[in-house]
Every structure is written in C-alpha cells, then in structure tokens.
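Trainee: Mind having a look at this structure? Questions to follow.
2 protein chains.
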Amino acid sequence: MLLNRQLRLKTRPEGLVRREDFDLVEETTPEIAEGQTLVRVLYLSMDPTNRVWMTDKPQYMPPVAIGETMRGLGLGRVVASRSNHFAEGDLVQGLLGWQDYAVIDDKQAKQFAKLPSHPGVPLPTLLGACGFSGLTAYYGLTEIAPVQPGETLVVSAAAGSVGSIAGQIGKLKGARVVGIAGGADKCRYLTEELGFDAAVDYKAENWKQALAAATPDGVHVNFENVGGAVMRAVLGRMVNGGRVALCGLIANYNSNEKPSDDYSIIIVKRLTVRGFLAFDFPDSQRAASELVGWVRDGRIKAEETVAEGLPNAPVVLNRLFDGSHRGKLVLRVADDI
Amino acid sequence: MLLNRQLRLKTRPEGLVRREDFDLVEETTPEIAEGQTLVRVLYLSMDPTNRVWMTDKPQYMPPVAIGETMRGLGLGRVVASRSNHFAEGDLVQGLLGWQDYAVIDDKQAKQFAKLPSHPGVPLPTLLGACGFSGLTAYYGLTEIAPVQPGETLVVSAAAGSVGSIAGQIGKLKGARVVGIAGGADKCRYLTEELGFDAAVDYKAENWKQALAAATPDGVHVNFENVGGAVMRAVLGRMVNGGRVALCGLIANYNSNEKPSDDYSIIIVKRLTVRGFLAFDFPDSQRAASELVGWVRDGRIKAEETVAEGLPNAPVVLNRLFDGSHRGKLVLRVADDI
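Listed in order, the protein sequences are those of chains W and P.
Just so you know, we're using the UniProt record's numbering here: the first sequence kicks off at 1 and counts up by one.
Just so you know, we're using the UniProt record's numbering here: the second sequence kicks off at 1 and counts up by one.
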C-alpha cells in the first residue's frame with residue numbers, strides 16, 4: 001500500500017502563503033480501476049499562477065476550493081497503468097497537484113502530456129526552459145508581440161523562469177534586450193551570463209532614470225511579468241505603436257488591494273496590449289523541441305532553483321515573490337524511479 | 001480691420017470647465033504675410049480631447065500652455081490667402097483653435113485639410129459622421145478591431161459622436177450591436193432610430209444584469225469610449241480572445257483621481273487591447289468618402305447638437321460629460337460666408 005500525502009487548501013492566504021493555510025493529509029493511494037493511471041509526482045512547478053488559484057479573484061480557471069488538493073503543474077513517472085494512454089515508466093506532465101501520487105482518469109488523459117525523453121536535459125529543465133515557462137516566453141515573442149531585429153525589448157522579472165528565457169529569445173531574434181530585476185547580483189547575471197544588453201535593478205534608487213538611459217530609442221516590445229510600478233515605468237518609455245506581451249502581473253498576486261492601473265497610456269501611445277497563456281497554443285511539442293535544441297546547443301542557458309519536500313510547497317512558493325530564487329523554481333517531491 | 005476673439009487658457013480646470021478658466025481676448029487680426037492664409041472659423045468640434053489638452057496629464061500632444069489660445073479642431077473658410085496651398089473660399093479643416101480667425105503658415109499647411117465640397121452634407125456633419133468622429137469609428141472597426149458578421153459588438157457612449165457611428169458601422173458589417181448610453185431616451189434612440197440590436201442604460205439599476213442579458217454569447221469586440229465602471233463591466237462579458245478598440249476613457253477626463261483599472265482581466269481573457277487615434281491613419285480622404293456615401297444614402301444617420309457662440313465654448317464642452325447632447329457636439333462660431 002502506497003501512502004499519498006496531499007496538501008489541501010484550508011484557508012485562502014492573505015499576502016504571503018503560510019503552512020497553516022494548508023492541511024497535510026496522508027491517505028492510502030487508491031487501487032486504480034480500469035481506464036486509470038497512477039503517477040508518482042517527481043517535481044512540482046512553482047508558479048505565480050499557483051498563488052492566484054488560492055484566491056477567489058476572477059481568473060482563467062476556477063479557484064481551488066477550500067478542502068481541495070492544491071492544483072499544480074508537475075512532472076511524474078507512471079508507476080501503474082490500466083489505461084491505453086500511458087504505460088508504466090512514461091514521463092507525464094500536467095496538473096498532477098500538490099501530492100505524492102496522482103490518479104489520471106482516461107477522461108482527463110488529454111490534459112496530460114507524455115514527454116519524449118530528452119537525453120542530457122535534466123527533469124527540472126523540462127518544467128522550466130523547455131516546459132511551460134520556456135513556451136510562455138517563446139509564444140510571447142513569436143506569436144503575441146513578435147520582436148524584430150534592432151528593436152528594443154524590455155523584459156520584467158528578467159531573472160525569473162519566463163523572463164530569463166524571453167530575454168535570451170529576444171537576443172536570438174536580434175533585439176536589443178533590457179532586463180528588469182531586483183538586486184545587483186541578478187542584474188549582473190543577466191548581462192554577464194545571459195547576454196542581455198543592459199539590466200535595471202528596480203530596487204536601486206533612480207531605477208527609472210536607469211531604465212530611460214538603457215532605452216535611448218524607447219521600447220518597442222515589453223514582455224511584462226510584473227505589473228504595477230515596474231510596468232508603468234516601462235509603458236512610459238514605449239514608442240508610439242509599441243506592443244506589450246502581457247504574461248503576468250505578479251505585483252498584484254499577493255495583494256488584496258485594487259490595482260490602480262491606468263489604461264490611458266494605451267491610447268496616448270497607441271499601444272497593443274495582448275494577454276496570453278501558453279497552454280492556449282496548439283502544437284506545443286514543436287515549440288518545445290525548438291527550445292530543447294537551443295538549450296542543448298547552449299544558445300539558451302537554463303537555470304533552476306530546486307527546493308525539497310512536498311510539505312514545504314506553500315512556503316517555497318513565497319520565494320517567487322521575495323526574489324530569493326533565480327530561473328525556474330521547482331520543488332522536488334521524490335527521486336526519479 | 002477684422003476683430004479676432006480668442007479664448008486663452010487661464011487656469012487648468014478642476015472637474016467641469018468654468019468660463020473663468022479662460023480669458024476672452026479681443027485683438028485685431030494681423031495682416032497676413034507672404035506664405036500665409038487667413039481662415040474664418042465657422043464651426044468648432046467639441047471633443048473630449050479638448051478637456052484632456054487643458055490638463056497637464058501625460059497625453060498624445062503637449063498640453064495647452066497657460067496663456068495660449070485653446071487648441072481645437074474646427075472647420076473654416078479661407079477669407080484671404082497669400083499661399084499656394086489655399087485659395088479664397090476654400091473649406092479648411094484642422095486645429096484652427098478657439099478663436100474667430102486662424103492664420104495658417106505654409107510650414108503648417110500639411111496639418112490642415114482642404115475639404116472637397118459635399119453637396120447635401122451640412123458643414124457640422126463634416127466635423128461629425130464624415131469627419132474625425134466618423135473616421136475614428138471607421139478605423140476602430142476596420143483596422144484596430146475588425147468586427148465579423150455574427151459577432152457581438154458593444155459600444156460605450158453609444159449615443160455620442162463616435163459611438164453612434166461605430167454602432168451603425170457594426171450593423172453594416174453584420175454584427176450584433178449593443179450600445180451603452182445614459183438614460184432611456186438615448187437607449188430608445190439607439191434601438192429605434194439607429195438600428196442597434198439592444199441598448200443598456202448605465203444609469204438604470206441592474207444595468208450590469210441588463211448588459212449580461214443583452215450579450216448572451218459574450219462580447220467579441222468592445223469599442224470603448226468611456227473606461228471606468230462601464231469598461232470593467234464590458235470586459236467582464238468578453239469572450240476569451242476578445243478585442244478592444246480603445247478609443248477614449250471619458251470617465252477619467254474630468255477627474256484628478258488615479259484610475260483604478262486592472263490589467264489582469266487582459267490576461268484572464270487573453271484580450272487584445274489596442275489604443276488608437278484616427279489621425280494616425282494615412283489616406284483619410286478615401287475613408288471619409290465612404291462615410292459621406294453612407295450618410296448620403298441613409299445607411300448611416302448623422303446627428304449633431306449645434307451650440308452657439310465662441311464665448312460659450314468652455315461651458316458647452318461640459319455637455320460632453322453631463323450627457324445632455326446626442327450625436328456630434330459642435331459650436332457654431334460664425335455663419336458661412
């Protein structure tokens with residue numbers, strides 16, 4: 001009998017997430033029936049969207065209900081199957097949840113992807129640069145706000161999982177790339193390790209002047225992950241007719257305050273602002289393969305911060321908001337089998 | 001010697017505009033020099049943008065300076081010319097300003113359009129349905145957020161100069177058109193006279209439920225003139241992937257409060273929000289001709305509210321914000337010569 005630990009939402013967090021906002025429940029993993037698959041969760045992707053799912057704000061999926069196992073993207077290994085969709089040993093990606101074992105019913109099989117093996121690409125990278133984080137960066141700069149050679153691209157949260165890949169894709173496409181990140185270390189990382197043309201430390205005094213100095217020709221494309229004051233400053237630097245790939249607004253996610261944004265800049269600068277979610281795009285295998293290729297040949301550097309232990313998930317998630325990680329933040333739940 | 005009255009900005013208005021915010025100055029019209037044209041101002045277009053130009057908020061042109069003659073779009077007749085660009089008797093449209101006579105220097109000649117004569121189309125209509133108001137509606141629904149047959153289009157400030165034309169263009173393009181306006185009279189006007197499929201009175205109780213009932217399939221395109229609570233309600237009804245032609249945010253223009261908008265709905269619904277200004281589009285003659293054709297053959301109904309007297313311009317402008325006009329609001333400065 002396998003034991004399954006589950007983190008179930010107990011109270012909707014205010015501000016940062018606390019362990020006490022979840023119940024850690026231990027149950028016997030049920031026997032799988034015909035048409036079901038049992039998956040051992042190996043890694044969980046720690047994403048800003050997890051924080052949104054804990055709230056009951058309007059969002060693109062229903063909020064996680066109180067008492068429900070926390071929703072989360074993960075990577076797992078099939079340990080038992082009575083399904084035609086998956087075989088024992090398959091690597092599976094999807095909303096496995098914050099638990100040790102997930103049961104996939106055939107009815108939901110389409111929501112889970114069987115990943116090909118990518119020798120030389122570590123599993124956490126399949127959740128990061130070669131997973132939805134990378135795909136988000138990829139679609140944002142190819143489909144939503146395609147960036148052209150010679151244009152200036154500004155990426156916020158640029159040392160994060162999506163931003164770090166977006167900036168590198170911008171460089172591959174011939175853009176001048178400026179990253180915004182918190183702290184001198186991250187800024188050095190962007191310019192010295194990832195090849196960004198400039199980096200702006202939003203925690204420094206006069207960061208707005210630094211942004212202006214780094215974007216002498218204005219900003220043509222903004223890949224936006226943050227919102228709030230950072231986004232307002234970038235929009236203020238945009239050229240007329242500029243494009244915004246609106247990926248995330250992490251500045252708002254921990255707050256119950258009403259955002260005080262202003263749409264008027266969109267008219268003043270004749271901007272095109274497009275919101276998007278990577279999983280709306282069909283044929284992600286092709287895009288993922290391109291990302292795998294770029295990672296393998298070193299044109300894109302993938303970095304992950306790996307935390308340990310399912311029970312820590314609620315507090316590990318906070319690291320997305322305190323800036324204490326770099327690249328993709330993942331949680332290791334179990335060793336691969 | 002011709003006397004020229006000018007309304008010069010004295011203080012930046014707070015809230016509604018007061019007569020005392022302007023100085024009414026009377027001067028002799030200067031002799032024109034070689035390369036200059038003298039234009040008698042006949043009609044002034046009363047536009048929300050006038051109100052914005054009185055503020056020092058960020059905007060698409062410099063604010064009008066204190067002491068400067070108020071900037072304003074107008075229609076005038078050339079009364080004297082020492083220029084190759086214009087001849088006596090020409091009808092001219094451009095930023096003639098809140099005054100009786102404007103002197104156009106050849107260096108600025110390109111900023112003024114010589115209008116062809118359109119028999120049967122009254123001059124105020126050339127500032128309204130066949131002028132920039134009509135062009136704004138036209139570009140919004142053809143270039144910025146093209147609306148497709150069978151889609152639902154929601155237009156705010158729908159009884160106004162731009163909205164009334166946008167809704168009628170939506171009908172010509174085969175859309176289901178829902179207008180939002182203030183008061184039962186205006187709503188009746190939209191459905192009974194302009195052919196809108198439904199109208200929602202935002203001053204009525206339960207108007208949000210009425211909007212929901214009028215958009216059972218959601219909203220595919222929003223032609224937005226208002227912002228604030230009206231826009232938030234419409235965005236809440238949009239389908240995933242919906243498009244917003246962001247034309248105006250009149251709800252904000254009289255207010256010094258910070259707007260409390262929220263960009264997150266743009267991600268949640270994967271919207272494309274595009275700001276635009278009609279005068280960015282080249283070749284407006286072609287579009288204007290199409291509008292003239294539609295007005296002449298009755299497919300688009302043009303309506304104007306004509307107020308009288310240059311000195312009244314500041315207070316007439318307020319009618320844009322108190323809802324006491326219908327269609328295009330213009331000010332008659334002088335009879336045509």
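By construction, the Cβ of each residue, glycine as well, lies at the ideal position given by its N, Cα and C atoms.
What's the C-alpha gap between Gln99 (chain P) and Gly179 (chain P)?
Mentor: Rounded to the nearest angstrom, the two C-alpha atoms are 35 Å apart.
Trainee: Under 8 Å, CB to CB, which of the residues in the segment 246-266 of chain W have a partner in chain P?
Mentor: Residues Leu246, Cys247, Gly248, Leu249, Asn252, Lys258, Pro259, Ser260, Asp261, Asp262, Tyr263, Ser264, Ile265, Ile266.
Trainee: Assign Met238 (chain W) to one of three DSSP states: helix, strand, or coil.
Mentor: In this structure, Met238 (chain W) counts as strand in the three-state DSSP scheme.
Trainee: Which of the three DSSP states, helix, strand or coil, is assigned to Gln59 (chain P)?
Mentor: Coil, per DSSP.
Trainee: For a minimum of 3 consecutive residues, which ranges assigned as the beta strand (DSSP E) are wholly contained in the segment 187-231 of chain P?
Mentor: You should have 198-201, 219-224.
Trainee: Does Glu239 (chain W) have its Cβ less than 9 Å from a Cβ in chain P?
Mentor: It is worth fixing the name first, because residue 239 (chain W) is Val in this sequence and not Glu. Val239 (chain W) does not count as touching chain P.
Trainee: With respect to the alpha helix (DSSP H) encompassing Gln36 (chain P), which residues constitute its N-terminal and C-terminal limits?
Mentor: Unbroken run through Gln36 (chain P) is the beta strand (DSSP E), 36-45; no alpha helix (DSSP H).
Trainee: Tell me, to the nearest whole angstrom, how far the beta carbon of Leu91 (chain P) is from that of Leu75 (chain P); I am working on the premise that it is less than 8 Å.
Mentor: The pair is a contact, with the Cβ atoms about 7 Å apart (cut-off 8 Å).
Trainee: Where do the N-terminal and C-terminal ends of the alpha helix (DSSP H) with residue 340 (chain P) fall, by residue?
Mentor: A query on residue 340 (chain P) cannot be resolved here, the shown segment of chain P reaching from 1 to 337 and no further.
Trainee: Starting from the beta carbon of Arg270 (chain W), find every residue of chain P whose beta carbon is closer than 7 Å, and list them in chain order.
Mentor: Correct list: Gly275, Phe276, Leu277, Asp280.
Trainee: Could you name the residues that DSSP lists as bridge partners for Asn4 (chain W)?
Mentor: Beta-bridge pairing links Asn4 (chain W) to W:Glu27.
Trainee: Out of W:Phe132, W:Val103, W:Val52, state which residue places its alpha-carbon closest to the alpha-carbon of Pro30 (chain W).
Mentor: Comparing Cα-Cα distances from Pro30 (chain W) to each of W:Phe132, W:Val103, W:Val52, the minimum goes to W:Val103.
Trainee: Scan the segment 58-82 of chain W for residues whose Cβ lies nearer than 8 Å to a Cβ of chain P and list them as they occur along the chain.
Mentor: So the close ones are Pro58, Gln59, Tyr60.
Trainee: In the DSSP assignment, what are the bridge partners of Gln93 (chain P)?
Mentor: In DSSP, Gln93 (chain P) forms a bridge with P:Leu75, P:Ala113.
Trainee: I'd like the span of the alpha helix (DSSP H) that includes Asp105 (chain W), first residue to last.
Mentor: Here Asp105 (chain W) belongs to no alpha helix (DSSP H); instead the beta strand (DSSP E) covers 101-105.
Trainee: Round the Cβ separation of Ile266 (chain W) and Leu246 (chain P) to the nearest angstrom and send it over; I've been treating them as touching at under 8 Å.
Mentor: The pair is a contact, with the Cβ atoms about 5 Å apart (cut-off 8 Å).
Trainee: Beta carbon of Phe223 (chain W), beta carbon of Gly160 (chain W): below 9 Å?
Mentor: Taking 9 Å as the Cβ cut-off, Phe223 (chain W) and Gly160 (chain W) do not qualify as a contacting pair.
Trainee: Identify each residue in the segment 206-230 of chain W for which the Cβ-Cβ distance to at least one residue of chain P is less than 8 Å, and report them in chain order.
Mentor: Flagged, chain order: Gly227.
Trainee: Whole-angstrom Cβ separation of Asp21 (chain W) and Leu2 (chain W), contact assumed at under 8 Å?
Mentor: Their Cβ separation, rounded to whole angstroms, is 26 Å, which puts Asp21 (chain W) and Leu2 (chain W) out of contact at 8 Å.
Trainee: In angstroms, rounded to a whole number, what distance separates the CA positions of Met61 (chain P) and Asp262 (chain W)?
Mentor: Near 18 Å, if we compare the C-alpha coordinates of Asp262 (chain W) and Met61 (chain P).
Trainee: Can you give the beta carbon distance from Val306 (chain P) to Leu44 (chain P), rounded, assuming they're within the 8 Å contact cut?
Mentor: Incorrect: roughly 11 Å between the Cβ atoms, too far for contact.
Trainee: Lys328 (chain P) by DSSP, collapsed to three states: which one?
Mentor: Three-state result, Lys328 (chain P): strand.
Trainee: According to DSSP, is residue 355 (chain W) helix, strand or coil?
Mentor: Because chain W here runs from 1 to 337, residue 355 (chain W) falls outside it and cannot be looked at.
Trainee: Looking only at its own chain, which residues have a Cβ that is under 7 Å from the Cβ of Ala166 (chain P), when we skip the five neighbours before and after it?
Mentor: Taken in chain order, the residues that qualify are Ala137, Gly140, Leu141, Val155, Phe223.
Trainee: Would you kindly check if the distance between the Cβ of Ala251 (chain W) and the Cβ of Gly227 (chain W) is under 9 Å?
Mentor: Yes, the pair counts as a contact, with Cβ atoms nearer than the cut-off.
Trainee: Flag Gly293 (chain W) as yes if its beta-carbon sits less than 9 Å from any beta-carbon of chain P, otherwise no.
Mentor: Chain P contact via Cβ: absent.
Trainee: Pair every Cβ in the segment 212-220 of chain P with every Cβ in the segment 229-244 of chain P, then say whether three or more of these pairs are closer than 8 Å.
Mentor: Cβ pair count under 8 Å is three or more, so yes.
Trainee: Using CA atoms only, rank isn't needed, just tell me which of P:Leu194, P:Lys110, P:Gly275 is closest to Ala158 (chain P).
Mentor: Residue P:Leu194 is the option with its Cα nearest to Ala158 (chain P).
Trainee: Would Gly160 (chain W) pass as an interface residue toward chain P - the criterion being a Cβ-Cβ separation below 9 Å?
Mentor: No, Gly160 (chain W) does not count as interfacial toward chain P.
Trainee: Is the segment 128-136 of chain W touching the segment 278-285 of chain W in the sense that three or more CB pairs, one from each, lie closer than 8 Å?
Mentor: Enough Cβ pairs lie closer than 8 Å, so yes.
Trainee: Are Glu304 (chain P) and Pro124 (chain P) close, meaning C-beta to C-beta below 9 Å?
Mentor: Yes, they are a contact pair.
Trainee: Are the C-beta of Gly163 (chain P) and some C-beta of chain W separated by less than 9 Å?
Mentor: No, its Cβ sits nowhere closer than 9 Å to a Cβ of chain W.
Trainee: Thinking Glu27 (chain P) and Arg82 (chain P) are a contact (beta carbons under 8 Å), I'd like their distance in whole angstroms, please.
Mentor: Actually they are not in contact, since the Cβ atoms of Glu27 (chain P) and Arg82 (chain P) sit about 20 Å apart, beyond 8 Å.
Trainee: Label Asp201 (chain W) either buried or exposed according to how many other C-beta atoms from any shown protein chain fall within 10 Å of its C-beta, with 16 as the threshold for buried.
Mentor: With 16 or more Cβ atoms within 10 Å of its Cβ, Asp201 (chain W) is classed as buried.
Trainee: Whose C-beta lies closer than 8 Å to the C-beta of Glu151 (chain P) among residues of the same chain, with five residues either side of it excluded?
Mentor: Here the set comprises Ala175, Arg176, His220, Val221.
Trainee: Helix, strand or coil for Gly183 (chain P)? Go by DSSP, reduced to three states.
Mentor: The answer is coil: DSSP assigns Gly183 (chain P) none of H, G, I, E or B.
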